[in-house]
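Undergrad: Okay, here's the structure, questions in a sec.
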Amino acid sequence: MPALTAREVYQQLRDTAQGIRTFKRVDAACESGHVQVDIDGWRLTLDVDAGHLRHCLHGQCPDGREYAFDNGQRFGTDPVSLLSTWELAQIERLLA
1 MPALTAREVY QQLRDTAQGI RTFKRVDAAC ESGHVQVDID GWRLTLDVDA GHLRHCLHGQ
61 CPDGREYAFD NGQRFGTDPV SLLSTWELAQ IERLLA
């Protein structure tokens, strides 16, 4: 089974920012700054620092495929880096 691409995960975040998908926080913020969310069955672990979304650390779609963040990857391979400024602000508002 092929891994999820950053673009596939980005699309879920983008649709959430635009109000197309349902966003639900699965857990409360913890000291590590890792927040788990559910977007219409997609489970994402987000890295949030002082209210700012930094990275998508892990993602799993309903069919079981997964995405994993690698700090050594080049630009554009983290779904968060693909968000526009407005989309990022909308996601951060939902996380607050």
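In UniProt numbering, the protein residues as written are 1 to 96.
Where is the CB? At the ideal position from N, CA and C, for every residue including glycine.
Predicted model only: the values in this text are computed from it and were never measured.
#1: Since residue 25 is in the beta strand (DSSP E), which residue starts that stretch and which ends it?
#2: Over what stretch of residues does the beta strand (DSSP E) that includes residue 54 continue unbroken?
#3: Evaluate residue 62 with the Cβ neighbour count: other Cβ atoms within 10 Å of its Cβ, from every protein chain shown; 16 or more gives buried, anything less gives exposed.
#4: Run the CB neighbour count on residue 19, radius 10 Å, all protein chains shown included, and call it buried at 16 or more, exposed below.
#5: Tell whether a beta-carbon distance below 8 Å holds between residue 12 and residue 25.
#6: Do you know how far the Cα of residue 50 is from the Cα of residue 42?
TA: The answer reads as follows:
#1: 23–25
#2: 52–60
#3: exposed
#4: exposed
#5: no
#6: 24 Å
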